[in-house]
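*Asks:* So the sequence shown is residues 1381 to 1586, counted in our numbering. I have a structure I would like to understand better, so I am pasting it below and will then ask my questions one at a time.
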Amino acid sequence: MTAPTSAITIRPVRAFEADEFRRLTLLIDLKLTAHQELCVFGALRMALQHEGGPFSHGLHHFLLAETSDGTPVAAVHTGPPLWMFRNPSILPHMQSSLLRRISNIDTIAVDPAYRGQGIGRSILTRVEEDFRNAGYAALTLRHEQDKKYFFTRNGYTSLPRLAMNLPPVGLVTETDRVWKFAVKPLTNDVGFTTVRGLTAVTGLLH
């Protein structure tokens, strides 16, 4: 099917559209067990109940892309990075600062019938604009190897390991056996440096 990107509307997901959001999201392989999937979408359904700023649902941003006749064709969810809470090196006061500086694109999915038309790029650009306008410094995400080109051509740096230089702690890393990581700075004070042989994000904390 063909839907010119000029005819695509991108808007927040409403709470009653949780099942539609789930349907679109599951068009990609999240590599979750049945139990994990139940937990993840249970948490997302709860987050969708709390509409209002700073993003569509607090610190979570749920967006749908739909055609002119109202057909949902793509979805994205961005929210606080889970690695921020799992890593014991990131102290509570650092978490508080990072929550206002960095977010993570958890899922981005486009209906196969509408792929290749720039819809994925459009919804990704909308996410970046919304977080940049809110004063965020960077976005992170995980991706499969075959999606690397999509993200790198849209300004992301793909990394085998997520590494961040976070003063005063120093180097903090996150690894995953299945996924690659990608980072896009949203402000000029965030960039990349080499620490212990790893490409690390710098400028997230001052």
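Glycine is no exception: its CB is placed at the ideal position from the N, C-alpha and C atoms.
Could you tell me which uninterrupted alpha helix (DSSP H) segments, each at least 4 residues in length, are contained entirely in the stretch 1480-1550, listed from first to last along the chain?
*Replies:* Listed in chain order, the complete alpha helix (DSSP H) runs (minimum 4 residues) inside the stretch 1480-1550 are 1499-1513, 1528-1532.
*Asks:* What residues are listed by DSSP as bridge partners for Leu1444?
*Replies:* Paired residues: Arg1391, Ala1455.
*Asks:* Over the uninterrupted alpha helix (DSSP H) stretch that includes Leu1478, give me the two end residues.
*Replies:* Here the alpha helix (DSSP H) through Leu1478 covers 1472-1478.
*Asks:* Please determine, among Leu1504, Trp1463, Ser1476, Ser1538, the residue with the shortest C-alpha to C-alpha distance to Val1456.
*Replies:* The candidate whose alpha carbon is nearest that of Val1456 is Leu1504.
*Asks:* Give me the residue from Arg1533, Pro1461, Asn1534, Ala1518 with the minimum Cα distance to Phe1572.
*Replies:* The residue with the shortest Cα to Cα distance from Phe1572 is Ala1518.
*Asks:* Per DSSP, which one or two residues make a beta bridge with Ala1562?
*Replies:* Note: Ala1562 sits in a beta bridge opposite Leu1521, Ser1538.
*Asks:* Specify whether the stretch 1476-1483 and the stretch 1421-1430 touch according to this definition: at least 3 beta carbon pairs, one from each stretch, less than 8 Å apart.
*Replies:* Touching, no.
*Asks:* Is Asn1545 closer than 7 Å to Ala1580 when the C-beta atoms are compared?
*Replies:* A contact, by the Cβ cut-off of 7 Å.
*Asks:* At what residues does the beta strand (DSSP E) containing Thr1405 begin and finish?
*Replies:* Unbroken run through Thr1405 is the alpha helix (DSSP H), 1398-1405; no beta strand (DSSP E).
*Asks:* Give the DSSP bridge partners of Val1420, in chain order.
*Replies:* Answer is none; Val1420 lacks a bridge partner.
*Asks:* Gln1497: which of Pro1434, Val1507, Lys1564, Val1453 sits nearest, CA to CA?
*Replies:* The option with the nearest alpha carbon to Gln1497 is Val1453.
*Asks:* Could you check whether Gly1583 and Val1570 sit closer than 7 Å to each other, using their CB atoms as the reference points?
*Replies:* Yes, the Cβ-Cβ distance between Val1570 and Gly1583 is below 7 Å.
*Asks:* Measuring only the C-alpha atoms, how far is Leu1541 from Phe1442?
*Replies:* Looking at the sequence shown, residue 1541 is not Leu but Arg. Distance between the alpha carbons of Arg1541 and Phe1442: 26 Å.
*Asks:* Taking Ile1408 and Ser1502 to be in contact with their CB atoms under 8 Å, please state how far apart those CB atoms are, rounded to whole angstroms.
*Replies:* Their Cβ separation, rounded to whole angstroms, is 17 Å, which puts Ile1408 and Ser1502 out of contact at 8 Å.
*Asks:* Could you spell out where the alpha helix (DSSP H) holding Phe1435 opens and where it closes?
*Replies:* Counting along the chain, Phe1435 falls outside any alpha helix (DSSP H), and DSSP gives it neither H nor E.
*Asks:* According to the Cβ coordinates, are Leu1585 and Arg1512 closer than 7 Å?
*Replies:* No, Cβ-Cβ distance for Leu1585 and Arg1512 is not below 7 Å.
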